[in-house]
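Sequence positions in the sequence shown follow the working numbering and run 26 to 150. Glycine included, each C-beta is placed from N, C-alpha and C at the ideal position. Keep in mind it's a predicted model, so treat the numbers as computed, not measured.
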Amino acid sequence: MRKYLLGLALALTFASAAQAADLSGKWSSGGKSIFTFDRHGDTFTGSVVYEGQVFKIVDGTIDGDAISFYVLHDAPDDAEVKANGGKPFRNTAKGTVKGDEMSFSGSREGSNERAYSITLKRMAP
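Next up, the structure:
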């Protein structure tokens, strides 16, 4: 019985990973933002280019079609970092990926400040 349960747990783990949404590549809001995601199993990293500035995507996780990550603001010349007394901060993001569309929302970590929601579409390679 123990071997059966271990086998079942492993099978479910691999099935879950196989069914996780594919978010690797570039995504656009159709406006000023381009997101690039690099998936590593059930985690991911990446970057956001917005109005010529580059921000890091950190601590990304994926579970099925659900995603969550942070956009790190840490550049000394970032106007928002300057307005935050020179201290880096993160914006939260939680949402879903369905095919070639991704939607998520978030705000400044630990607050509702600068709340947003956005929908991205996968860009052609």
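Hey, how far is the Cα of residue i from the Cα of residue j?
i	j	result
residue 95	residue 46	18 angstroms
residue 116	residue 74	14 angstroms
residue 136	residue 82	19 angstroms
residue 138	residue 110	16 angstroms
residue 146	residue 125	6 angstroms
residue 105	residue 88	31 angstroms
residue 66	residue 100	28 angstroms
residue 134	residue 112	13 angstroms
residue 114	residue 64	23 angstroms
Below 8 angstroms on the Cβ atoms is my guess for residue i versus residue j; work out the distance and round it to an integer in Å.
i	j	result
residue 62	residue 49	6 angstroms
residue 80	residue 72	7 angstroms
residue 122	residue 84	Actually they are not in contact, since the Cβ atoms of residue 122 and residue 84 sit about 17 angstroms apart, beyond 8 angstroms.
residue 57	residue 76	6 angstroms
For residue i, which three-state DSSP category applies?
i	result
residue 107	helix
residue 132	coil
residue 89	coil
residue 120	strand
residue 115	strand
residue 13	Past the boundaries of the shown model lies residue 13; the chain is included only from 26 to 150, so the question cannot be answered.
residue 222	Outside the modelled stretch of the chain, which goes from 26 to 150, sits residue 222, for which no answer is possible.
residue 102	coil
Within a Cβ cutoff of 6 angstroms, which residues of the same chain sit near residue i, ignoring the five residues on either side of it in sequence?
i	result
residue 144	128
residue 150	none
Considering only residues of the same chain and omitting the five flanking positions on each side of residue i, which have a CB-CB separation below 8 angstroms?
i	result
residue 148	50, 51, 52, 53 and 59
residue 132	116, 117, 138, 139, 140 and 141
Only counting runs of 3 or more residues, tell me where the beta strand (DSSP E) segments fall wholly within the region 41-74, in order along the chain.
50-53 and 58-65
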